[in-house]
Amino acid sequence: MRLLFSFLLIFLLAGCARQSQQAPEAAKAATTKAKKTITTAQPPATATPIIVFRKTPCFGTCPHYEAYIYADGRVRYEGFKYAPVEGRRELKLPLETVNTILAEARIARFAELPEKYSLGTTDLPATSLTLSPATGPAKTVTVEEGAPVELQNLLRYVEKQITDSLGASSER
Numbered sequence: 047m048r049l050l051f052s053f054l055l056i057f058l059l060a061g062c063a064r065q066s067q068q069a070p071e072a073a074k075a076a077t078t079k080a081k082k083t084i085t086t087a088q089p090p091a092t093a094t095p096i097i098v099f100r101k102t103p104c105f106g107t108c109p110h111y112e113a114y115i116y117a118d119g120r121v122r123y124e125g126f127k128y129a130p131v132e133g134r135r136e137l138k139l140p141l142e143t144v145n146t147i148l149a150e151a152r153i154a155r156f157a158e159l160p161e162k163y164s165l166g167t168t169d170l171p172a173t174s175l176t177l178s179p180a181t182g183p184a185k186t187v188t189v190e191e192g193a194p195v196e197l198q199n200l201l202r203y204v205e206k207q208i209t210d211s212l213g214a215s216s217e218r
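Its first residue numbered 47, the sequence shown is counted upward by one per residue in the numbering used here.
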């Protein structure tokens, strides 16, 4: 009886070993097939945003959110406390809107602006805009107060486009 049990155990272990050697090959083939499906099904997307818009919090009820806008119009939005919409969202802006933002930034001479506008008042929320041109370094301008009218208009326009695409109001 012990001899029969020993043969049965050896037979089962040998069968399991053969199966475990075949399993990685089957899994590898399935993974390769799945990878091919994924790469051909999705068009290439721009990896880095060309526009980043941020509103920082204050001690009151100031909206706090970030929006990353890509060249193809995709927007990755994350709303924090008091934001028009809280949580993460994936949005889409028309390419015309993205191009208008970039054109308005050129008109406002964004690349030549100082990095920060502040008159020293404490507890003011800041609005930050970063533009990453195809050539050259990224430029970030942060505004608390005292910005020129052209820059204020640009920031209002970007904010309105983001909040409109969320289906929310920028008046808060």
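Here a beta-carbon is modelled for each residue, glycine too, at the ideal position from N, C-alpha and C.
Keep in mind the model is a prediction, meaning the values are calculated, not measured.
For residue i, write down the residues that DSSP places opposite it in a beta bridge.
i, result
"Lys185", "Leu177"
"Val98", "Tyr114, Thr176"
"Val121", "Ile115, Leu137"
"Lys162", "Thr188"
Are there 16 or more other CB atoms within 10 angstroms of the CB of residue i, so buried, or fewer, so exposed?
i, result
"Val195", "exposed"
"Phe99", "buried"
"Ala184", "exposed"
"Leu165", "exposed"
Are any of the Cβ atoms in chain C nearer than 9 Å to that of residue i?
i, result
"Val187", "Included in the structure is just one protein chain, with no chain C present."
Alpha carbon to alpha carbon, what distance is there between residue j and residue i?
i, j, result
"Lys206", "Val144", "13 Å"
"Asn199", "Thr146", "13 Å"
"Pro95", "Leu201", "17 Å"
"Ile153", "Gly106", "33 Å"
"Ala129", "Arg135", "12 Å"
"Pro109", "Thr168", "17 Å"
"Gly133", "Ile97", "20 Å"
"Pro90", "Leu139", "The predicted position of Pro90 is uncertain, since its pLDDT is 48 and thus under 50; no value can be drawn from it."
"Glu150", "Ala157", "12 Å"
"Pro171", "Thr209", "18 Å"
"Arg223", "Tyr163", "Outside the modelled stretch of the chain, which goes from 47 to 218, sits residue 223, for which no answer is possible."
"Ala214", "Leu148", "23 Å"
"Tyr203", "Ala180", "22 Å"
On the premise that residue j lies in contact with residue i, defined as a C-beta separation below 8 Å, what is that separation, rounded to the nearest angstrom?
i, j, result
"Leu137", "Val121", "4 Å"
"Glu124", "Tyr111", "6 Å"
"Pro160", "Lys127", "In fact, because the Cβ distance is near 29 Å, the residues do not count as touching under 8 Å."
Could you tell me whether the region 158-175 touches the region 186-202, where touching means 3 or more Cβ pairs closer than 8 Å? The count of Cβ pairs closer than 8 Å, one atom from the region 158-175 and one from the region 186-202, reaches three, so the stretches are in contact.
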